[in-house]
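These protein sequences, in sequence, are chains X and H.
The opening position of the first sequence corresponds to residue 423 in our numbering, with each subsequent residue numbered one higher.
The opening position of the second sequence corresponds to residue 170 in our numbering, with each subsequent residue numbered one higher.
Beta carbons: idealized from backbone N, C-alpha and C, even for Gly.
Some notes on the structure that comes next.
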Amino acid sequence: MQSQNSDGGWGYRPASQSATEPTAWTLCALHNENLGEPSRKQISLGKDWLLRNQLADGSWPSFALQTEGCWVTALAGLALHEIAGESDAVTRGFDWLCNSWPRTPNFWQRLRQRLSSSGEVTRQNNSLAGWAWTTNTGSWVEPTSYALIFLRRLDPKHLSTLALKRKELAEAMLCDRMCPGGGWNSGNPLVYGVAGEPLVGPTVWALLALRECGELPQVRESLQWLEKSIPQIHGSVSTAIAHMCLEVYGRRIPAMDVHLQERFETDRFLNNISVTALAALDLNPARNLFPPAAQEVAAL
Amino acid sequence: MNSPNTALSPSFARPPARVAIRRAASYEVDLLPILRETLREFDLPLQGKSVLLKVNFVCHDPYGAINTHPAVVVAAREAFLSLGASTVTIADGPGLERDIEAIAESMRLRDFIPSLSTSLVDLNTDDVHPVPLKTRASTLKKLYLPATVLGADLVVSMPKMKTHHWSGVTLSLKNMFGIVPGSCYGWPKNILHWAGIANSILDINSAVRPHFAIVDGITGMEGNGPIQGSPKSCGLLILGNDPVSVDATCARVMGLRPERINYLRRAGLLLGHLHEEKILQIGEKPEQVRTPFAVLDDFRHLSIGLKQN
């Protein structure tokens with residue numbers, strides 16, 4: 423909390439430019455704490471920073487000096503929804519997301535790829551639209567997951583036909599992009615016939631986005647991949663989000679708590695405020711943001 | 170820093186570049202004297218300057234063929250400090266793995282540099298400033314780039330010597346993709362792919378000119394690089410004051426024709442020297458240490474030699 427900038431936002435590091443991602447995660451983390459009046463004021467200032475930096479089209483940029491919205495729109499909308507419920511700003515952010523379609527290769531690009539002497543470059547169904555990191559680029563696992571997580575927090579009764587269609591497509595896109603054997607990387611499960619290596623981050627966010635789809639084999643396989651990967655998880659943010667995700671799916675891994683504590687004591691998460699906020703979210707058993715997944719998956 | 174290669178100028182208006190090829194059989198060799206003595210030959214104005222080592226940290230690298238090896242990074246850091254640099258920062262913005270700490274831990278970087286929080290900068294989450302692009306190879310026009318890079322007196326590109334399944338090779342120019350911040354453009358920086366990889370390489374290197382390059386060619390990667398290829402031992406470090414010339418020299422060492430690598434050929438027009446007659450070689454000659462790298466079928470036309478994947 424001491425790292426809040428005078429403009430009300432948080433940067434990725436203390437005394438750095440306020441940015442949407444760390445501000446959003448910090449607000450989500452603080453909202454879950456039982457804090458006194460001064461802290462509630464800080465949350466209010468953070469909320470104001472987000473509201474001030476929403477663009478006219480409803481999206482959010484990563485930094486205040488930018489004029490075009492991007493992937494952080496889902497996180498800003500999510501944070502505002504968590505701390506203040508549905509509002510005009512949340513609705514406008516969500517509408518922007520619903521109308522923001524990823525780019526797909528055009529006819530000539532597809533033809534060139536097919537004629538490439540290496541044959542099939544990637545194996546994925548580009549008609550399954552998720553969300554992009556930036557406008558006019560392709561679908562990727564993490565921004566799609568963030569948008570789905572945001573969408574799931576909204577009242578289902580208020581979701582438009584378009585929103586429901588985007589949800590369905592995004593879930594299918596995530597399933598299509600899973601790496602062979604479980605887990606996700608950024609979104610290329612197969613390149614030149616070689617299976618992509620899953621990464622902890624995209625796997626966690628995709629699993630959190632699909633937490634109501636426990637019956638899917640992709641969820642089961644990826645959860646198993648994540649569990650098997652625990653000994654190889656070393657970084658702070660990977661540890662925090664993997665631990666949180668496994669807990670959402672009913673797995674308690676106390677050793678990861680200890681590892682996270684050690685990481686904090688070693689280098690204070692390299693002073694990264696987003697990482698600190700995600701660790702705080704992870705360590706708060708009362709967090710509302712990621713409720714437990716369906717029971718049948720927890721019982722795997 | 171006013172080194173001669175910071176301005177955009179046609180090849181005929183530029184002084185010759187200098188590139189050194191040094192043998193280093195393995196990462197167990199004491200690399201500090203090799204790098205320090207070679208850097209001394211370049212007579213860089215380092216006194217009191219801030220140096221940024223733009224390394225290539227990609228992901229978990231069990232065979233040491235993907236990331237710039239920490240032994241090379243640490244030796245470079247020590248060498249620049251010993252030659253008068255006031256600060257040396259190690260920095261990268263990995264394009265796929267968001268958790269740079271996880272990459273550093275998997276490389277055991279902490280064994281070499283105890284305090285990562287003061288020595289390692291994640292360019293993906295650095296403060297940013299808008300930078301108008303000086304060239305129009307792509308349609309990008311402007312990029313938000315990290316303050317740490319823009320504020321450094323000397324930017325040193327420190328890639329791994331690798332083939333690349335989209336661009337043919339990835340060396341000191343392609344390595345500069347890592348300065349584009351994920352906070353603004355994502356993981357991967359997909360906007361650069363849509364703008365064209367070759368075009369983006371040119372525009373980024375026109376906007377932020379690496380003053381110097383040190384290529385880790387002790388173990389490189391051939392075939393389906395930059396991640397899924399096979400390790401390739403070369404036992405070389407390649408350094409120079411013109412990143413285009415360094416990359417051209419690396420390509421020749423790898424058994425590839427630099428003038429057939431799209432972005433490198435075009436970089437030779439404005440950013441540096443491509444042709445051998447404009448490159449003063451120090452140490453080994455490329456043909457003496459040539460180690461042909463296997464390439465994917467799409468890049469067979471780049472090959473000088475016979476070896477194909």
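C-alpha gap between residue i and residue j, whole angstroms
i      : j      : result
H:R459 : X:L533 : 36 Å
H:V481 : X:W647 : Nothing can be reported for residue 481 of chain H, as the shown portion of chain H is limited to 170 through 478.
H:L179 : H:G441 : As written in the sequence, residue 179 of chain H is Pro, which differs from the Leu given in the question. The alpha-carbon atoms of H:P179 and H:G441 are separated by roughly 8 Å.
X:A569 : H:E456 : 53 Å
X:F485 : X:G468 : 14 Å
H:Q397 : X:L700 : 31 Å
X:G636 : H:W356 : 26 Å
H:Q477 : X:E619 : With a pLDDT of 44 at H:Q477, under the threshold of 50, the predicted position of this residue should be treated as unreliable, though the coordinate-derived value follows. C-alpha separation (whole angstroms): 25 Å.
X:L586 : H:G351 : 29 Å
H:P299 : X:R685 : 34 Å
H:L465 : X:A617 : 16 Å
X:V680 : H:P395 : 35 Å
H:G531 : H:G217 : Chain H is shown from 170 up to 478; residue 531 of chain H falls before or after that span and cannot be answered.
H:V188 : H:R305 : 28 Å
H:P263 : H:I235 : 12 Å
X:I675 : X:S567 : 24 Å
H:P283 : H:D467 : 43 Å
H:F346 : H:I370 : 7 Å
X:N380 : X:P436 : As displayed, chain X neither begins before 423 nor continues past 722, which places residue 380 of chain X out of reach and without an answer.
X:E410 : X:A498 : Outside the shown range of chain X (423 to 722) lies residue 410 of chain X, about which nothing can therefore be said.
H:D322 : H:F226 : 22 Å
X:L612 : X:W471 : 41 Å
H:I387 : H:L405 : 5 Å
X:G605 : X:A662 : 17 Å
X:L630 : X:E649 : 14 Å
X:Q462 : X:I505 : Strictly speaking, residue 462 of chain X in this sequence is Arg, with Gln absent from that position. If I take the Cα positions, the gap works out to 10 Å.
Backbone secondary structure at residue i - three-state DSSP
i      : result
H:S326 : strand
X:W523 : coil
X:D598 : helix
H:H298 : strand
X:M678 : helix
H:F281 : helix
H:E391 : strand
H:D416 : helix
X:T513 : helix
X:C635 : coil
H:P400 : strand
X:Q646 : helix
X:H580 : helix
H:P427 : helix
H:P315 : strand
X:C667 : helix
X:R435 : coil
H:R191 : strand
H:K303 : coil
Burial state of residue i, where buried means 16 or more other Cβ atoms lie within 10 Å
i      : result
H:D212 : exposed
H:S341 : buried
X:N456 : exposed
H:T308 : exposed
X:A721 : Note on X:A721: pLDDT 48, under 50, position unreliable in the model; no value is reported.
H:R246 : buried
H:Y232 : exposed
H:L438 : exposed
X:R709 : buried
H:P239 : buried
X:G480 : buried
H:L312 : buried
X:T583 : exposed
H:R469 : exposed
X:E669 : buried
H:E391 : buried
H:N393 : buried
Proximity test, residue i beta-carbon vs the ligand NAP heavy atom, cut-off 7 Å
i      : result
X:G560 : Absence of the ligand NAP is noted for the structure shown, with no ligands found whatsoever.
To be precise: take each residue of the segment 383 to 412 of chain H, compare its Cβ to all Cβ atoms of chain X, and keep it if any distance is under 9 Å. Which residues remain?
N393, I396 and Q397
Got a sec: which bits of the segment 551 to 574 of chain X sit with their beta carbon under 8 Å from any beta carbon on chain H, in order along the chain?
A554, W555, T556, N558, T559, G560, W562, E564 and P565
What are the complete beta strand (DSSP E) segments, minimum 3 residues, inside the segment 356 to 391 of chain H?
381 to 391
Taking only beta carbons into account, state which residues of the segment 263 to 293 of chain H come closer than 9 Å to chain X, listed in chain order.
G264, L265, E266, R267, D268, I269, E270, A271, I272, A273, E274, S275, R279, S284, L285, S286, L289, D291 and N293
Name the residues in the segment 649 to 671 of chain X whose C-beta lies less than 7 Å from a C-beta of chain H; which are they?
H656, G657, S658, V659 and S660
Cβ-based contacts, 7 Å cut-off: residues of the segment 457 to 469 of chain H near chain X
L465, D466 and D467
Interface positions of the segment 493 to 505 of chain X facing chain H (Cβ-Cβ less than 7 Å), listed along the chain
W493
Scan the segment 435 to 459 of chain X for residues whose Cβ lies nearer than 7 Å to a Cβ of chain H and list them as they occur along the chain.
S438, Q439, A441 and E443
Under 9 Å (Cβ pairs) to chain H, residues found in the segment 462 to 496 of chain X
P483, S484, F485, L487, Q488, C492, W493 and V494
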